[in-house]
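Peer 1: Please find one structure pasted underneath; my questions will follow.
Protein chains: 2
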Amino acid sequence: MSEKRYLLTPGPTPVPPEVLAAISQPVVHHRSPDFRPVYERTLARLGEVFRTRSDVLLFGSAGSGAMEAAVANLCSAGERVLVVSAGQFGERWRAIASAYRAEVETLEYAWGEIPAADDVAGRLQELGGAKAVLLTHSETSTGVVCDLQAIAAAAGEQGALTVVDAVSSLGAVPLETDAWGLDVVVSGSQKALMTPPGLAMLSASERAWAARGESPRFYFDWERTRKAQATLDAPFTPPVSLVAGLDVALGMLLDAGLEAVFDRHVRLGRACREGAKAMGLELFSPDDDRSAVVTAIRAPDGIDATELVARLRDRFGITIANGHAALKGRIFRIGHIGYFDVFDITTALAAVEIVLADLGAEIERGVAVTRALEAFEERARV
Amino acid sequence: MSEKRYLLTPGPTPVPPEVLAAISQPVVHHRSPDFRPVYERTLARLGEVFRTRSDVLLFGSAGSGAMEAAVANLCSAGERVLVVSAGQFGERWRAIASAYRAEVETLEYAWGEIPAADDVAGRLQELGGAKAVLLTHSETSTGVVCDLQAIAAAAGEQGALTVVDAVSSLGAVPLETDAWGLDVVVSGSQKALMTPPGLAMLSASERAWAARGESPRFYFDWERTRKAQATLDAPFTPPVSLVAGLDVALGMLLDAGLEAVFDRHVRLGRACREGAKAMGLELFSPDDDRSAVVTAIRAPDGIDATELVARLRDRFGITIANGHAALKGRIFRIGHIGYFDVFDITTALAAVEIVLADLGAEIERGVAVTRALEAFEERARV
């Protein structure tokens, strides 16, 4: 295997050296003046990135832990929720809500389809309402990013809370927690927030706080965490090293400006799609600017994406993602969330091109990199 | 405040530079060959440290998350458990079991008392049994380490499962999961395992697996994690950076040999106690070799431990721990778990001595450091 590594998956994502440097500092005590200012700044910065005036609760866990926090705090057994499922992470909502014995209704799409506000409104009407709609902003398994603002409006009109998995979208594409009336937003450190995995976060609207249910919970209990954070304490020893890294990463994001960051993601997505198409590949994820998080590409006829992924890894030290579940071997996914620039895209495309050629795929050689660079420039708005 | 920092608390604890170097490596994908061997080795090493042939389940959370995992997987609502409480972390068991609506009975001691096997046996008889006894091996808030082997034997005789919080004890003092019949053992990365906070682990006996209950759970579900670990997968994106650090730290522990590590902790505890006594201070934690994790010392008459802790921090950059709850201001605690040697103890004692003298305490000057060094040598058994 090549010595040098290229992490080009949709999560975990590459982490800037400044963040790695921060997490490798000697451990400090979480109740000391060495940590409290870091904690305070991190919580404030999270509020800015979430675009919310509500508290953002910080948990030491994977993003799925914060998804469970949403369900465990909101849903009592037997309460009806509507899960919008169009991929792997929609299915995760279903699994969590089922584990908590909610009455789980679904609005199900084929993997790769884009959930629509009208469908959500229709399904809620059909059901006579639901306590909450659990949905995925960016479905990492397919590359689809839905129109969250429209769906939240539809759910709100039907009296349902909007509960959003924004693990791979927050900090990559626009998300307005307060302005769009998102009742619960959950995210994680290891995607666009450019920090190693191990931290998850959740914001909840006043409406969501008022709608809390009766399920048992402790580590992920909202109130325990909110009370502790209010005095810059933490309910449990937090992953201080990762918080120090997140603080630095959020500072980088906010210094760049969220609008500029979103624009870069749009251009990265465009570059990836245009490069792939120039090579003659067929996109699986939508060819639209909203899907700026991960690009999913169909393996050419006769080519197994699993083989492509393995060869990229063994020959070049490049990690991209295979398809999940039924899509395994049929698609491959190039991430461009967080600490990515256009040369990560051209690296991915150049390597995919040579390996596909080796595997005997009929592709157009020598055009993808140039087309990607052009497409990246075209989209410059800032 | 002084520039140089000394973290001398019972957790989080100082982390060796080798471990900090490991966690600051570029992030790798958790399903890639860059991570799987690290994961496999870490899980195997955890088994060696736990002294168990059962799977050790690894969670991305604080130690309290693994405590919740114990309760959520074992206890259905209404099932009786016996919580042994003699401090802050006994109270945590009570809080978690109450959150899960177990029928919580308690065996309560004054903070600083040592739970005894006879008391546990007697209380279980009085109750007519309980599904599980939830107890704390090393009560970090008081410095007490109980005779876990005897208590587990007593619980086992009464047909109760033994569920142990070994967060601050595992890797510091002897703990034999299988040989002592410990049904569930939970621990965390940030104490004797010499890794930053953010990872927790749990082992469960066959008896415990067979006794699982009906409470809702997802992130902390044992089966979900066991199944994933069996194929070196992880159920959720793990904190890969922290796992890389834990791998290195566990290697250091096992290379040194657990017996040698336990012996060093005994000698560190002895050094700390003898030094404190030589200064004329009164111990709060027991003056026995088992209490080798943290030494709790009473503040001299007229001295506020809160003031002592603040001055150590501001003048010398030294962090030690105050008392918890009702003991706040009345005791102070010097940790010696994990990456500690005798000069950490002499640093703590020398600084405590000078600050207490400043505060007007009547203490013996100039003897503590020498006495600590002598006591550390006396105990050399290896």
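Residue numbers (this note's numbering), protein chains in the order written: chain B, 523 to 904; chain A, 523 to 904.
Glycine is no exception: its CB is placed at the ideal position from the N, C-alpha and C atoms.
Note that the coordinates shown come from a computational prediction; the quantities given were computed from them, not determined experimentally.
Might you give, ordered along the chain, the residues of its own chain that have their beta carbon closer than 6 Å to the beta carbon of A:V904, omitting 5 neighbours on each side?
Peer 2: Confidence at A:V904 is low in this model, with a pLDDT of 45, below 50, so its placement is unreliable and the value that follows should be read with caution. For A:V904, where only same-chain residues beyond five positions count, the Cβ hits under 6 Å are A782 and D785.
Peer 1: Determine the direct distance from the alpha carbon of B:A733 to that of A:Q547, and round the result to whole angstroms.
Peer 2: A:Q547 and B:A733: Cα-Cα distance of roughly 43 Å.
Peer 1: Hey, is B:R892's beta-carbon within less than 8 Å of any beta-carbon in chain A?
Peer 2: One point to set straight first is that residue 892 of chain B is Thr, not Arg, in the sequence displayed. By this cut-off, B:T892 is not an interface position.
Peer 1: Could you name the residues of chain A that B:H552 contacts, counting a contact when the two beta carbons are closer than 9 Å?
Peer 2: Those are P534 and P719, listed as they occur along chain A.
Peer 1: Alpha carbon to alpha carbon, what distance is there between A:E796 and A:L871?
Peer 2: C-alpha separation (whole angstroms): 10 Å.
Peer 1: Between the Cα of B:R573 and those of B:Q712, B:A688, B:P637 and B:V605, spot the shortest distance and give me the residue it belongs to.
Peer 2: Among B:Q712, B:A688, B:P637 and B:V605, the Cα nearest to that of B:R573 is on B:A688.
Peer 1: Just to confirm, are A:R835 and B:S554 a CB contact at a threshold of 8 Å?
Peer 2: Against a cut-off of 8 Å, the Cβ pair of B:S554 and A:R835 comes out as a contact.
Peer 1: Using the C-alpha atoms, what's the distance from B:G839 back to B:L878?
Peer 2: Straight-line Cα distance between these residues: approximately 16 Å.
Peer 1: Closest Cβ-Cβ distance between A:T772 and chain B: below 8 Å?
Peer 2: Reading off the sequence shown, one finds Leu at residue 772 of chain A, where the question assumed Thr. Answer no: the Cβ-Cβ gap between A:L772 and chain B never drops below 8 Å.
Peer 1: Under 8 Å, do B:L917 and B:A847 count as touching if we go by C-beta distance?
Peer 2: There is no way to answer for residue 917 of chain B, as the model of chain B reaches only from 523 to 904.
Peer 1: Measure the beta-carbon distance from A:F865 to A:A793 and round it to whole angstroms, keeping in mind my assumption that it falls under 8 Å.
Peer 2: Between A:A793 and A:F865 the Cβ distance is about 10 Å, and since that is not below 8 Å, they are no contact.
Peer 1: Check for me: the beta strand (DSSP E) holding A:M723 runs from which residue to which?
Peer 2: First-last of the beta strand (DSSP E) with A:M723: A722 to A726.
Peer 1: Give, in chain order, every residue of the region 720-745 of chain B whose Cβ lies closer than 7 Å to some Cβ of chain A.
Peer 2: Answer set for the region 720-745 of chain B: G720, S737, P738, R739, F740 and Y741.
Peer 1: Would you list, in chain order, the members of the region 607-624 of chain B that have their beta-carbon closer than 8 Å to a beta-carbon of chain A?
Peer 2: Per Cβ criterion, the list reads A617, I618, A621, Y622 and R623.
Peer 1: Short check: CB of B:V722 to CB of B:G587, under 8 Å?
Peer 2: With the sequence shown as reference, residue 722 of chain B is identified as Ala, and Val is not the correct amino acid for it. It is a contact, given that the beta carbons lie within the stated cut-off.
Peer 1: What residues in the region 757-769 of chain B have a beta carbon less than 7 Å from any beta carbon of chain A?
Peer 2: Against chain A - using a Cβ distance shorter than 7 Å - the residues of the region 757-769 of chain B are F758, T759, P760, P761, V762, S763 and L764.
Peer 1: Express the C-alpha separation of A:K799 and A:E886 in angstroms, rounding to a whole number.
Peer 2: Cα to Cα, A:E886 sits roughly 9 Å from A:K799.
Peer 1: Note the first and the last residue of the continuous beta strand (DSSP E) segment covering B:F854.
Peer 2: Segment I853 to G857, the beta strand (DSSP E) holding B:F854.
Peer 1: Run down chain B in chain order and give the residues with a C-beta less than 9 Å from the C-beta of A:P538.
Peer 2: By Cβ distance, chain B contributes nothing, its closest Cβ being about 10 Å from A:P538, past 9 Å.
Peer 1: Would B:V549 pass as an interface residue toward chain A - the criterion being a Cβ-Cβ separation below 8 Å?
Peer 2: Yes, B:V549 lies at the interface with chain A (some Cβ there is under 8 Å from its Cβ).
Peer 1: If you drop the 5 nearest sequence neighbours on each side, which residues of the same chain put their C-beta closer than 7 Å to that of B:F611?
Peer 2: These residues qualify, in order along the chain: T658, E661, T662, S663 and D687.
Peer 1: Tell me the DSSP bridge mates of A:Y528?
Peer 2: In the DSSP output, where bridge partners are listed per residue, A:Y528 has A:I840.
Peer 1: Would a check of beta-carbon distances place B:L529 closer than 8 Å to chain A?
Peer 2: Judged by the 8 Å Cβ criterion, B:L529 is in contact with chain A.
Peer 1: With a 10 Å radius around its C-beta and 16 neighbouring C-beta atoms as the bar for buried, classify B:E601 as buried or exposed.
Peer 2: Per the 10 Å Cβ criterion, buried.
Peer 1: Could you tell me whether the Cβ atoms of A:V475 and A:V626 are closer together than 8 Å?
Peer 2: Since the first residue of chain A shown is 523 and the last is 904, residue 475 of chain A is not available in this structure.
Peer 1: Under a CB-based cut-off of 8 Å, is A:T841 close to chain B?
Peer 2: So yes, A:T841 belongs to the interface.
Peer 1: Is any beta-carbon of chain B found at less than 8 Å from that of A:G860?
Peer 2: So no, A:G860 is outside the interface.
Peer 1: Take A:P760 as the anchor and find which of A:D700, A:G582 and A:L780 has the nearest alpha-carbon.
Peer 2: Checking every option, the nearest Cα to that of A:P760 belongs to A:G582.
Peer 1: Which residue wins for smallest C-alpha separation from B:V541, given the options B:Q712, B:A677 and B:V707?
Peer 2: When each option's Cα is compared against that of B:V541, the closest is B:Q712.
Peer 1: By alpha-carbon positions, which one of B:D755, B:A675, B:I825 and B:G773 ends up nearest to B:M716?
Peer 2: The option with the nearest alpha carbon to B:M716 is B:G773.
Peer 1: Have a look at A:G791, A:L803 and A:Y861 and flag the residue whose alpha-carbon is nearest the alpha-carbon of A:L895.
Peer 2: For A:L895, the nearest C-alpha among the options comes from A:G791.
Peer 1: So, is the C-beta of A:A543 closer than 8 Å to a C-beta in chain B?
Peer 2: It does; some Cβ of chain B falls within 8 Å.
Peer 1: Please list, in chain order, all residues of the same chain as A:A639 whose beta carbon is under 8 Å from its beta carbon, the five residues on each side excluded.
Peer 2: Counting only Cβ-Cβ distances below 8 Å, and skipping sequence neighbours, we find D669, A672, I673, A675 and A676.
Peer 1: Let me know if A:Q647 comes out buried or exposed under the rule of 16 or more other beta-carbons within 10 Å of its beta-carbon.
Peer 2: That one is exposed.
Peer 1: Can you have a look at A:P534 and say buried or exposed, based on whether 16 or more other CB atoms are within 10 angstroms of its CB?
Peer 2: A:P534 comes out buried.
Peer 1: With DSSP run on the structure shown, which of helix, strand or coil describes B:V904?
Peer 2: Its pLDDT being 45, under 50, B:V904 is placed unreliably by the model, and the measurement read from it follows with that caveat. Of the three classes helix, strand and coil, the one that applies to B:V904 here is coil, per DSSP.
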